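Peer 1:
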Amino acid sequence: MADSIFKKYLEKKNNLIKNRGILQATYVPEVLLHRDHQIGEIVDIIAPSLNKDKPSNILIIGQTGTGKTAVVNYVGHELEKADIESNNCRYIYVNCEVIDTPYSILYNISNQIITDPNKKIPFTGWSLEKIFNELAKYIDDEDRVFIIVLDEIDMSFKKNGDDIFYYLTTINEMLKKSRVSIIGITNNSTFAEKLLSPRIKSRLGEEKIIFPPYTPEQLIDILNNRIEYALYPDVIDNSVIPYCAAISAQGSGDARKALDLLRISADIAERNGDSIITSAHVDYARQKIELDAVVEVIKTLTEQSKIVLMSIIKTPSSNETGSVTTGDVYTTYIELSRNMGYNVLSQRMVANLISELDMLGIITARVKSFGRGGRTKEIDVNKVSNDVFFILSSDDIFRGVDFTFKPNKQTTLM
DNA sequence: CGTCCACTGGAATCAAGGGTCT
DNA sequence: AGACCCTTGATTCCAGTGGACG
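1 is the number of the first residue of the first sequence in the working numbering; add one for each residue after it.
(1) Can you name, in chain order, every residue of its own chain whose Cβ lies under 8 angstroms from the Cβ of N172, other than the five neighbours on each side?
(2) Throw me the rounded Cβ distance for the L392 and I298 pair, which I believe falls under 8 angstroms.
(3) Taking all protein chains shown into account, do 16 or more other C-beta atoms lie within 10 angstroms of the C-beta of K120, making it buried, or fewer, making it exposed?
(4) Between the region 222–241 and the region 182–194, can you find at least three pairs of beta-carbon atoms closer than 8 angstroms?
(5) Between N225 and the rest of its own chain, which residues show a CB-CB distance below 8 angstroms, the 5 nearest in sequence each way excluded?
(6) Report yes if the CB atom of V94 is closer than 7 angstroms to the CB atom of N108, and no otherwise.
(7) Since A266 and I222 should fall inside the 8 angstroms C-beta cutoff, what is the C-beta to C-beta distance between them, to a whole number of angstroms?
(8) So, with DSSP's three-state summary, where would you put K409?
(9) Is it buried or exposed for T321, if we count other Cβ within 10 angstroms and need 16 for buried?
(10) Using CA coordinates, which residue listed in M174, T190 and L360 is at the minimum distance from E290?
(11) M310 to I84, Cα distance in whole Å?
(12) Please state whether DSSP places A255 in a helix, a strand or coil.
(13) Between S104 and F123, what straight-line distance do the alpha-carbon atoms span, to the nearest angstrom?
(14) Identify the continuous alpha helix (DSSP H) that holds S346 and give its terminal residues.
(15) Can you name the start and end residues of the beta strand (DSSP E) that N95 belongs to?
(16) Apart from the five residues just before and just after I236, which ones in its own chain have a Cβ nearer than 6 angstroms to its Cβ?
(17) Can at least three beta-carbon pairs, one atom from the region 127–142 and one from the region 65–73, be found at a separation below 8 angstroms?
(18) Give me the DSSP bridge partner(s) of D151.
(19) For D380, list the residues DSSP reports as bridge partners.
(20) Kindly indicate the opening and closing residues of the alpha helix (DSSP H) around V180.
(21) Give the DSSP bridge partners of S436, in chain order.
(22) Please name the residue in H37, K177, S127 and A293 whose C-alpha comes closest to that of I210.
(23) Would you mind reading off the limits of the alpha helix (DSSP H) that contains K201?
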């Protein structure tokens with residue numbers, strides 16, 4: 001019998017990581033450190049639901065990795081436990097970043113409630129009004145208080161406006177027996193002020209709870225708490241935890257980032273066969289995370305976006321700072337997509353795609369005025385790392401594409 | 001100080017493609 | 001089969017604008 005190709009992994013026993021799941025950011029620990037205050041507030045607000053009274057709607061504001069989702073889900077599950085006998089409430093969670101159209105949000109909420117597989121709502125085809133009425137009917141039939149959590153609410157908001165949220169917050173007017181209260185979660189602090197229209201602002205923001213970023217000390221606590229169960233004893237250098245905490249704290253007090261950093265550091269150390277995790281591993285991990293993020297973003301780009309990104313890289317800069325403008329990129333883009341046999345999008349579209357790439361953090365662009373020279377986006381080519389080009393050029397759609405054309409000359413021909 | 005460039009940013013619109021319903 | 005509905009991607013239109021130039 002030949003050796004398993006996994007032989008070296010079978011033989012090499014894990015000597016650092018005891019339980020890697022605990023280091024995943026999605027893992028919800030038994031105790032949520034440094035969030036007692038927020039937990040208490042939410043509990044106070046939604047407790048009336050246990051007696052079938054409608055709690056106030058809540059708007060939760062805090063940056064990524066500050067424990068918003070974890071806290072809400074924790075409280076939600078505790079609520080269900082406390083309610084197990086009287087059965088007066090129901091907790092429903094929807095992540096609006098994943099489920100991001102009005103239809104899919106209603107569809108998702110409804111099908112969490114509808115148990116009969118024959119009555120489930122089809123994933124497309126119905127009018128919104130019809131789903132909404134159906135949803136209201138099912139909710140009312142349950143004769144309970146529904147706590148509906150809409151996570152990343154600003155994501156859907158940006159794309160679709162606030163209509164669904166308006167309907168959801170007014171659903172109580174259609175109900176005779178049941179009640180619905182909404183918990184909205186956003187990491188955009190300006191969301192509550194600017195994006196929310198007046199008609200929904202007062203409804204959704206009946207109560208507001210702020211999740212401040214974790215301080216470095218708090219992050220250290222959180223990490224220490226996790227490694228106790230996640231790692232074997234004495235496998236980590238003293239400097240590692242404070243280092244991870246410091247790196248993550250300077251950004252936004254992001255616990256998710258800190259955990260990722262620690263987990264990947266441990267991975268790297270273990271794969272290397274090192275017996276102890278050091279801050280050098282953390283440095284590697286940090287680079288790896290950054291690179292992975294770029295790879296991931298590029299992979300999920302649409303073909304047109306990839307072509308635009310390539311155009312940005314391939315556009316020769318006309319000034320000393322090494323930046324290019326929308327117009328320059330567009331001429332390159334026309335050339336490139338023609339060469340590749342793709343249809344050519346309008347300049348307005350390409351401008352949109354450039355803005356999108358900017359938001360994704362792959363490029364940096366800012367609007368700049370050149371006086372009479374016009375107003376345009378100045379795109380920094382230097383900041384586009386070699387990694388981006390390398391990853392991008394290995395993409396399938398660029399296979400066999402000839403990049404030797406000289407856009408700056410050819411534009412004058414047209 | 002006003003002009004005026006080369007876009008930006010927002011919104012309305014269209015077409016195609018996924019469906020359901022009667 | 002025909003009427004409707006939602007989503008997505010793209011197009012078209014248009015009012016605005018920061019600031020160098022004259």
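All residues carry an ideal CB built from backbone N, CA and C; glycine is no exception. The structure displayed is predicted, hence computed values, not measured ones.
Peer 2: Considering the structure as presented:
(1) Sequence-distant Cβ neighbours of N172 in its own chain, meaning closer than 8 angstroms and more than five residues away, are K54, R179 and V180.
(2) Approximately 6 angstroms separates the beta-carbon atoms of L392 and I298; this is inside 8 angstroms, confirming the contact.
(3) It is exposed - the Cβ of K120 has fewer than 16 other Cβ atoms within 10 Å.
(4) Because the criterion of three Cβ pairs below 8 angstroms is not met, the region 182–194 and the region 222–241 do not touch.
(5) Answer for N225: P29, V31 and L33, listed in chain order.
(6) Taking 7 angstroms as the Cβ cut-off, V94 and N108 qualify as a contacting pair.
(7) That pair is no contact at about 16 angstroms.
(8) Caution is warranted here: a pLDDT of 39 is assigned to K409, below 50, making its placement in the model unreliable, and the coordinate value is therefore given only provisionally. In the three-state DSSP reduction, K409 falls in the helix class (H, G or I).
(9) Flag for T321 reads exposed.
(10) In terms of CA proximity to E290, L360 leads the group M174, T190 and L360.
(11) Distance between the alpha carbons of M310 and I84: 56 angstroms.
(12) Helix.
(13) S104 and F123 have their C-alpha atoms spaced approximately 7 angstroms apart.
(14) No residue range can be given for S346, since it is assigned to no alpha helix (DSSP H) and is classified by DSSP as neither H nor E.
(15) Counting along the chain, the unbroken beta strand (DSSP E) around N95 starts and ends at C89 to N95.
(16) If the five residues before and after I236 are omitted, its C-beta is found closer than 6 angstroms to the C-beta atoms of I277, all from its own chain and listed in chain order.
(17) Verdict: no, contact absent.
(18) Paired residues: N95.
(19) DSSP lists S323 and T364 as partners of D380.
(20) In the DSSP assignment, V180 falls outside any alpha helix (DSSP H) and lies within the beta strand (DSSP E) extending over R179 to T186.
(21) No information on residue 436 is available, as it lies outside the stretch 1 to 414 that the chain covers here.
(22) Of H37, K177, S127 and A293, the residue nearest in Cα terms is H37.
(23) Residues P198 to L204.
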